[in-house]
Amino acid sequence: MANFIKRKMGWLNTRMGFFLLIVVLFWIKTYIAYQTEFTLGAKGSVQQFLLLINPLPAALLVFGIALYFRGRLAYWLMLIIDVLESTWIFANVVYYREFSDFLSFGIMKGSADVSNNLGKSLAQITHLYDFFVYLDILILIVLLLTHVIRIDPRPFKRRYAFTLTVLSFGLMFAEFGMANADRSGLLTRTFDNNYIVKYLGLNEYAAFNAYQTQKESATRASANASDMKSVLKYLKQNRVSPNVSYYGKEKGKNVFIIHLESFQQFLLDYKVDGKEVTPNLNKFYHSQNTLSFDNFYNQVAQGKTSDAEMMLENSLFGLPQGSAMTTYGTQNTFQAAPAILSQKGYSTAAFHGDVPSFWNRDNTYKSWGYQYFFSSSYYTQKASYSIGYGLKDKIFLKDSAKYIEQLPQPFYAKLITLTNHYPYELDKKNVDFPATKTGDKTVDPYVQTAHYLDQAFAEFMTYLKKVGLYKNSVIVAYGDHYGISNNHRPAIAQLLGKKSVTNFDLAEFQKVPFMIHATGLKGGINHTYGGEIDVLPTLLDLLGVKNTDTIQFGQDLLAKDRNQTVAFRNGNFMSPTYSKIGGTVYDTKTGEPVTLTAAQKKTVDQMQNHVTTELSLSDRVIYGDLLRFYTPKGFTKVKRSDFTYKLKPAMERLAEAEKEEKTSVLAKHDGKSTVSDYKTDAPELK
Ligand code: GP9
Ligand code: MN
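Quick note on our numbering: the sequence shown kicks off at 441 and runs consecutively.
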């Protein structure tokens, strides 16, 4: 064998030969790890292709460093680089096994808080075969020591080494170009670490993560406790007193937050071919026990769903760029709804049919104090059950029942739906509603998935009624952001029955539903201007949870003297009087641009000032991690290491609570599951 190698593989005895061998071996093992250890979800030929080639450019670059060095040193350097690189794979394989996510520098350097009890669990979850990642290095060392492969002492021309460096950068750019064409905003919007590895590779992920962590710790380091002063001063000035006829009215009830994906306000009561798109949500909207808001705007930016979640549960704005959940969710201190409520005796759970790493939910939810996070692995998966990002809503909501019934009451449960998500695909069996006929292919099926979501919602409500949860819960339903983007002006105009749409119309089109239902609640359609930032104070007031010293930028929507200027993330705003969109001021009543008198200009300037101030102060809280310096009275700082979202321990905890507290729906039904009370017409389950 050795002689055979010697004879046939003479090229291996050249420096370039050895370099290529080590790179190819590294490439192969990375790809094996991709395929066997990670769930990267590469779909379609472009993603498959990128997954296959993405280890190469970075490997050429990093191993290529050794080529700048002489003789033996170059060989040993290559091996050392290989050991380091392989250790990065090894560490990620092990970490991923436990957390379904890649290691981040924040986690590695993190305090005990963020480390997820890493040291303890690592030993338990490492498998012997994980060490195979070092096998090729071992073999190469043996071949070198036994002189089967001989070290090439000739100096390698710097010129060549440099050419290779340039070439690998070129390849990397090409790879990035292809990736970004397939998934735009890959690095700016920062969706999911899995995406970065899938498209760009483990090394590029490491570089990007190091950059992000560095940026984040720099702003964190430069912030100090006194920065909190201006925030507190601002909030004190803007604090409104709650509405006495609502404060504490829903004390002690369960809370459901139903996140209606991409659901816009215009869909309510909207008809296609004379048929209501969302008859059930319409009924809910008009119910006399539902507080509905018809001037409620989404305020998200690039972070889309994650921005909505950030605002809804923290009353902090998303960031001007990227997703605050992804960049700051793991490290920052938060005082979020789940933490506040769990400290008042609630159990808290989030439900979602996608992988847990999307928008960094798996880490962020721990910082927010969620006790449970039921994500894709908690649900039965079959190819026909999912579409787009994950489980179809009817199946998702139905299969959530078996966890809901186990939650000790009162609970706070957030359910994030998915099917009504761009590009609004739905298989034939599930479509029983006519598409709109604008001729815009992206827009027309939107009402069909919205209709499907409406049916799923109705099935869920029927179940809640059946098992008694409807009566003792506050049910909040809201749309997170637009479904139809501003790029579809002609289609939007048609949907709205207009010839064309102005920028003001498009801003109005950013309205999303916000509804709070509870048995006995004095409902009606409220016309106050507000947005997602206002949800948390509104909800806490209804539940009678004191929040007079919390850091929340919104105001209770039911308060009498609230400020109705609604900030968009880009600094534009809407209000009942004037609205400012793209530098133009509109009269909100007429939707026409106005030429301002000096006095009016002063008013508008004040509004603008309010908007700019609240956005920048909220950003300061997140960038500087300012909540670490301030804890409201009666609130205990969240300890992330208290939480794990692994299936087994979570189920054990639920079982324990079941025995001790006896407050869950299941306990109330003498331990008999209510899952069979859930009726769905989902064709996949027939
Ligand atoms: C993915 C889902 C979609 O898990 O929440 O997020 P979006 O694209 O709407 O921001
Ligand atoms: Mn969304």
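C-beta atoms are modelled at their ideal positions from N, C-alpha and C, and glycine is treated no differently.
Where the beta strand (DSSP E) containing residue i begins and where it ends
| i | result |
| --- | --- |
| N429 | One cannot answer for residue 429 here, as it falls past the ends of the chain, which runs 441 to 1126. |
| K673 | Segment 667-678 is the alpha helix (DSSP H) holding K673; no beta strand (DSSP E) there. |
| M955 | 954-957 |
| Y710 | Premise fails: Y710 is in no beta strand (DSSP E) and is neither H nor E. |
| A482 | Careful: A482 lies outside any beta strand (DSSP E) and carries neither H nor E. |
| I856 | 851-856 |
| F733 | 730-733 |
| H792 | 787-792 |
| D1027 | 1024-1027 |
| Y438 | The question about residue 438 has no answer, for the chain in this structure spans 441 to 1126. |
| F1083 | Unbroken run through F1083: none, as it is neither H nor E. |
| F813 | 812-814 |
Any non-hydrogen atom of the ligand GP9 within 7 Å of residue i CB
| i | result |
| --- | --- |
| Y829 | yes |
| I698 | no |
| I924 | no |
| D802 | no |
| I1140 | With the chain running from 441 to 1126 in the structure shown, residue 1140 is simply not present. |
| F798 | yes |
| D1137 | Because residue 1137 is not part of the residues shown, which for the chain are 441 to 1126, the question remains open. |
| H567 | no |
| H957 | no |
| H1109 | no |
| H861 | yes |
Proximity of residue i and residue j at Cβ, strictly below 8 Å
| i | j | result |
| --- | --- | --- |
| A473 | V533 | yes |
| L496 | L611 | yes |
| N453 | R660 | no |
| Y864 | Y886 | yes |
| P977 | G960 | no |
| F949 | I1021 | no |
| L700 | T889 | no |
| A958 | N683 | no |
| Y918 | S702 | no |
| F813 | R801 | yes |
| F503 | I529 | no |
| Q783 | F1075 | yes |
| L1106 | E753 | no |
| I915 | I698 | yes |
| G964 | L731 | yes |
| D406 | G1064 | As shown, the chain starts at 441 and ends at 1126. That puts residue 406 outside it, with no answer to give. |
| D839 | T820 | yes |
| A619 | L640 | yes |
| D794 | S816 | yes |
| T968 | N678 | no |
| Y536 | F545 | no |
Per-residue burial, residue i [other beta carbons within 10 Å of its own, 16 or more giving buried]
| i | result |
| --- | --- |
| D1110 | exposed |
| F613 | exposed |
| N556 | Since pLDDT at N556 reaches only 49, below the 50 mark, its modelled position is unreliable, and no value is offered. |
| K651 | Note that residue 651 is Tyr in the sequence shown here, rather than Lys. So Y651 ends up on the exposed side. |
| S540 | buried |
| D1121 | exposed |
| K638 | buried |
| S807 | buried |
| D996 | buried |
| F602 | exposed |
| E644 | buried |
| N664 | exposed |
| S662 | exposed |
| R512 | exposed |
| K469 | buried |
| G450 | exposed |
| S763 | buried |
Endpoints, alpha helix (DSSP H) assigned at residue i
| i | result |
| --- | --- |
| T804 | 801-807 |
| G457 | 455-477 |
| K822 | Note, K822: premise wrong, no alpha helix (DSSP H); not H, not E. |
| L909 | Here L909 belongs to no alpha helix (DSSP H), and DSSP marks it neither H nor E. |
| V684 | Premise fails: V684 is in no alpha helix (DSSP H) and is neither H nor E. |
| G964 | Note, G964: premise wrong, no alpha helix (DSSP H); beta strand (DSSP E) at 964-966. |
| Y843 | 833-844 |
Residue i at chain B interface by Cβ criterion, 8 Å
| i | result |
| --- | --- |
| Y969 | Protein chain content of the structure displayed is limited to a single chain, and chain B is not contained in it. |
- Item | Residues near the ligand MN, criterion Cβ-heavy atom distance below 6 Å | The set, ordered by position in the chain, is E701, S702, K744, T745, D920, H921.
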